[in-house]
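Residue numbers (this note's numbering), protein chains in the order written: chain A, 182 to 608; chain B, 22 to 98.
Every residue, glycine too, gets a C-beta built ideally from N, C-alpha and C.
All of these numbers come straight from a predicted model, not from anything done at the bench.
Here's the structure, in structure tokens; my notes come after.
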């Protein structure tokens, strides 16, 4: 049996699945039930000066029958006094000493404010801190959350202040609401962060009610932007984790989150550089007990691959992630339609004809039976036909034999530049 | 642009290579690529046309000529 235990910057947990700082980690009652269910760690709902929330806080997008494909919230950090949270953290840690409890923190960007909260929180025995520089709504209007997290200097400075007094590892949680997340990640590292986590939620407006014209969700007729998360954001989060993982100056562990709903996404995040994952929306949708399938699925995956420890996954696919200019221009795939599986729905034909390169022919055999065939020589290998195809196995994307050696855009441009220089020197 | 157009452009380039031409200059603009081929040591029969320029429009042919150029540079280095 593979070892599922995890160590992120010195924070140990029995498995790599942590609950993210969010409504499921609002209280000791919830976190203890989560640990009983099998979660390896929990990032406590952000502590700070207790806030006031509005009523009507969540909204979701359902897509083609899938409930909560994307989720949005305008809830703020904890609305409970610090003492109440600390008492429950202490009790929870005492009951579950081998589980990781990380305190998410958010205060104004002032040195004394950070010192005060860090000192008070670490006294109750948390395993680490997560600085919330990502929450995009409400708190940001007050200069905290993503308002801090979008300014590299503020990220570095606040991380440094926390590190001045923190006796436990410090994770800096980053906002995706920025052009280049590696800029703030690097600032966190410069400030002394022991680890970074990403992504927090994405600025979003979920919709407008077509009858009432109310913003969704609305609060007495008005709405405000919220934070978007759930399965829909996974590709965005995975890219940001990978970009940080392959950055030469971001050399701290990464806690990955954003659309993790099963063990499969967890493996993807870990392969792309995350040391463990955090989960929120899937728990809000299905409850704490999804952890059973996540642990079992991960265990089976590792065992089937002969991998001894889940930590052996971390970063194993990062070297495969590069810039577009390093991709091989001479690699070719083409679509191949399996006529014995195809149901002749023509989805691929329409997609290719209207949105790609018009390389699927509608033909009929000697008996008059219609079938679809790809002209491989004209196919650019865009994948669109296989993506729109509703039948598994009806369209394969197959590698074509090489006609030319591998050549990247960067190699091509270098060759053309060298030729230009050579010509100039010859004159 | 079709595969047939690529084949035509590739053949025009290959024909020059078979006659001993090498890629001398690549100029790219909004109209595609203009590839200047030259004879390294012009043979008597070619003296009237020591330089040949081809206008290459298809993406596949522009990839192809890039591969040719890289191979040519590897051979000469």
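The residues 260, in chain order, have a CB closer than 7 Å to that of residue 233 (chain A) in the same chain once the five nearest residues on each side in sequence are set aside.
Among the residues of chain A, those whose CB is under 7 Å from the CB of residue 94 (chain B) are 596 and 599, following chain order.
Under the Cβ criterion of 8 Å, residue 91 (chain B) is counted among the residues facing chain A.
The region 579-597 of chain A makes contact with the region 75-91 of chain B: 3 or more CB pairs, one atom from each, lie closer than 8 Å.
Counted as a single uninterrupted DSSP element, the alpha helix (DSSP H) harbouring residue 462 (chain A) occupies residues 462-467. Within the region 497-529 of chain A, those residues whose Cβ lies closer than 8 Å to any Cβ of chain B are, in chain order, 510 and 511. Against residue 586 (chain A), the close residues of chain B are 88, 91 and 92, in the order they occur along the chain (beta-carbon pairs closer than 8 Å). If the five residues before and after residue 389 (chain A) are omitted, its C-beta is found closer than 8 Å to the C-beta atoms of 395, 396 and 397, all from its own chain and listed in chain order. Residue burial annotation: residue 481 (chain A) is exposed, with fewer than 16 other C-beta atoms found within 10 angstroms of its C-beta. The region 212-277 of chain A contains, as complete alpha helix (DSSP H) runs of 4+ residues, the segments 263-276 (chain order).
By alpha-carbon distance to residue 542 (chain A), the top candidate from A:549, A:532, A:553 and A:224 is A:553. With respect to the C-alpha of residue 251 (chain A), the residue from A:450, A:441 and A:455 having the closest C-alpha is A:441. When C-beta atoms of the region 265-274 of chain A are compared with those of the region 319-327 of chain A, fewer than three pairs fall below 8 Å, so the two segments do not count as touching. Taking C-beta separations shorter than 7 Å and ignoring five residues to either side along the sequence, residue 39 (chain B) has no partners in its chain. It is roughly 6 Å from the alpha-carbon of residue 292 (chain A) to the alpha-carbon of residue 342 (chain A). For residue 343 (chain A), the uninterrupted alpha helix (DSSP H) segment begins and ends at 333-346. Residue 443 (chain A) carries a coil assignment under DSSP once its states are collapsed to helix, strand and coil.
Taking the Cα positions, residue 563 (chain A) is about 8 Å away from residue 537 (chain A). For residue 435 (chain A), the secondary structure class from DSSP, reduced to helix, strand or coil, is strand. Under the Cβ distance rule, residue 47 (chain B) counts among the residues neighbouring chain A, one pair being separated by less than 8 Å. Going by C-alpha positions, residue 249 (chain A) is about 27 Å away from residue 353 (chain A). With contacts defined by Cβ atoms closer than 8 Å, residue 347 (chain A) and residue 307 (chain A) do not form a contacting pair. Listed by position along chain A, the residues whose Cβ is nearer than 9 Å to that of residue 42 (chain B) form an empty set, because the closest Cβ is around 14 Å away. A direct Cα-Cα distance of roughly 8 Å separates residue 277 (chain A) from residue 213 (chain A). For residue 480 (chain A), the secondary structure class from DSSP, reduced to helix, strand or coil, is helix.
It is roughly 10 Å from the alpha-carbon of residue 484 (chain A) to the alpha-carbon of residue 491 (chain A).
Nearest C-alpha to residue 207 (chain A) among A:244, A:286 and A:387: A:286.
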